[in-house]
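Residues in the sequence shown are numbered consecutively from 340, following this note's numbering.
Virtual Cβ for every residue (Gly too), placed ideally from N, Cα, C.
Only a predicted model underlies this, so the values are computations on that prediction, with no experimental measurement involved.
Worksheet for the structure shown next.
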Amino acid sequence: MKKILVPVDFSKYSDYAMEVAAGIAKKQNAEIIALHMMGLSDAVVTRNESREVFEAMYYMRLAETKFAELLDKDYLEGVKVTDTVHNYTIFSEINDVAKEMNIDLIVMGSHGSSGLKEVFVGSNTEKVVRTSEIPVLVIKHRHEKFNPQLGIFACDFLENSVGPYKRAKEVFETFGIDMQMLYVNLAGDFRSTREIEKRILDFFKSAGESNPLESLNSVAHYNEYSVEAGIFGYSQIVNADIISLPTQGRQGLAHFFSGSIGEDVVNHSDLPVMTFRV
340 MKKILVPVDF
350 SKYSDYAMEV
360 AAGIAKKQNA
370 EIIALHMMGL
380 SDAVVTRNES
390 REVFEAMYYM
400 RLAETKFAEL
410 LDKDYLEGVK
420 VTDTVHNYTI
430 FSEINDVAKE
440 MNIDLIVMGS
450 HGSSGLKEVF
460 VGSNTEKVVR
470 TSEIPVLVIK
480 HRHEKFNPQL
490 GIFACDFLEN
500 SVGPYKRAKE
510 VFETFGIDMQ
520 MLYVNLAGDF
530 RSTREIEKRI
540 LDFFKSAGES
550 NPLESLNSVA
560 HYNEYSVEAG
570 IFGYSQIVNA
580 DIISLPTQGR
590 QGLAHFFSGS
600 IGEDVVNHSD
610 LPVMTFRV
């Protein structure tokens with residue numbers, strides 16, 4: 340890992356994400372890019388009238404002040420940090436910024452959401468998780484020493500999850516995290532042990548594993564009424580430090596009606612969550 344992107348809004352959750360990113364950067368000898376998305380209107384950044392120009396200058400100066408406070412932390416000592424400010428119209432533009440900068444990992448703080456706010460508003464973190472083609476690590480709480488030992492990778496073991504699995508495996512190995520694979524067997528879509536094992540065996544063959552049968556034996560099965568509940572239930576049983584999973588990146592009405600397990604887990608998990616785009 341050479342470049343880590345940390346989107347910041349100067350809240351305490353940005354501080355949590357920055358501290359985790361700093362710990363990763365020190366271990367990986369990586370650089371941190373701290374990104375603030377201002378969200379000024381097009382009028383502010385394109386017109387020359389004095390009021391709009393003054394407003395843009397005000398927010399830029401405010402961002403500079405906030406950056407100075409955020410980056411003046413002991414945990415950033417010895418870490419190269421570059422701060423940058425971008426205007427945006429939709430939050431998915433973070434993916435474009437990350438690709439332009441050759442980012443390897445996005446680390447983002449989040450307070451999560453629930454109830455009506457989740458349905459009607461959502462969160463910026465949720466939008467980044469949905470649209471990012473680069474792995475996203477979501478942090479909810481402060482971790483003075485981010486050193487996860489055991490991580491869960493949960494998926495449906497279908498063909499489109501092979502890519503996310505391979506990327507997750509590589510990241511886990513880089514971080515020195517033991518990976519526990521998990522299949523959640525749903526009550527409404529129940530499958531026999533034979534059916535599950537055939538699917539998983541085919542999955543590992545597609546992934547190019549040298550010993551698919553050995554990999555099959557390392558996958559845990561957990562019965563639940565929802566994938567989200569299964570992931571949380573199993574993570575408590577094994578005392579996991581981090582959860583990872585693929586995310587579909589659905590858009591528009593398809594996303595609204597079918598939902599996204601990745602976004603739900605990000606919103607409701609107290610553990611750090613890392614997502615990998617299908």
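Can you look up G569 in the DSSP assignment and give me helix, strand or coil? helix
Please report the straight-line C-alpha distance between P346 and L521, rounded to a whole angstrom. 30 Å
In whole angstroms, give me the CA-to-CA distance for I600 and V612. 12 Å
Do you know how far the Cα of I473 is from the Cα of G461? Its pLDDT being 42, under 50, G461 is placed unreliably by the model, and nothing is read from it.
On the DSSP bridge assignment, give the partners of D422 in chain order. A373
Who are the near neighbours of V604 in its chain, counting only those whose CB is closer than 7 Å to its CB and skipping five residues on each side? E567, I570, I582, L584, V612
Can you tell which of F406, G490, T586, V424 has its C-alpha closest to the C-alpha of V558? G490
Can you tell which of N562, V501, P503, A507 has the C-alpha that lies nearest to the C-alpha of S531? N562
Near S353, what residues of its chain come up, given a Cβ to Cβ distance below 6 Å and the 5 sequence neighbours on each side ignored? V347, G448
Do you know whose CA, among F615, V617, Q367, lies nearest N486's CA? Q367
Please report the distance separating the alpha-carbon of K466 from that of R538. 31 Å
Out of curiosity, what's the CA-to-CA distance linking A437 and C494? 25 Å
Between the Cα of S608 and the Cα atoms of V617, Q587, Y573, which residue gives the shortest distance? Y573
Among the residues of its own chain, which have a CB less than 6 Å from the CB of F615, if the five just before and after it don't count? P474, P503, R506, A507, P585
Closest to H480 by C-alpha separation, out of E534, V359, Q587, would be which residue? V359
K365 (DSSP reduced to helix, strand or coil): helix
In the DSSP output, which residue or residues are listed as bridge partners for F492? M520, S583
Under DSSP, the alpha helix (DSSP H) around Y504 begins and ends at which residues? 501 to 514
Hey, Q488 and D517: beta-carbon distance below 8 Å or not? yes
Measure the alpha-carbon distance for E536 versus N606 and round it to whole angstroms. 30 Å
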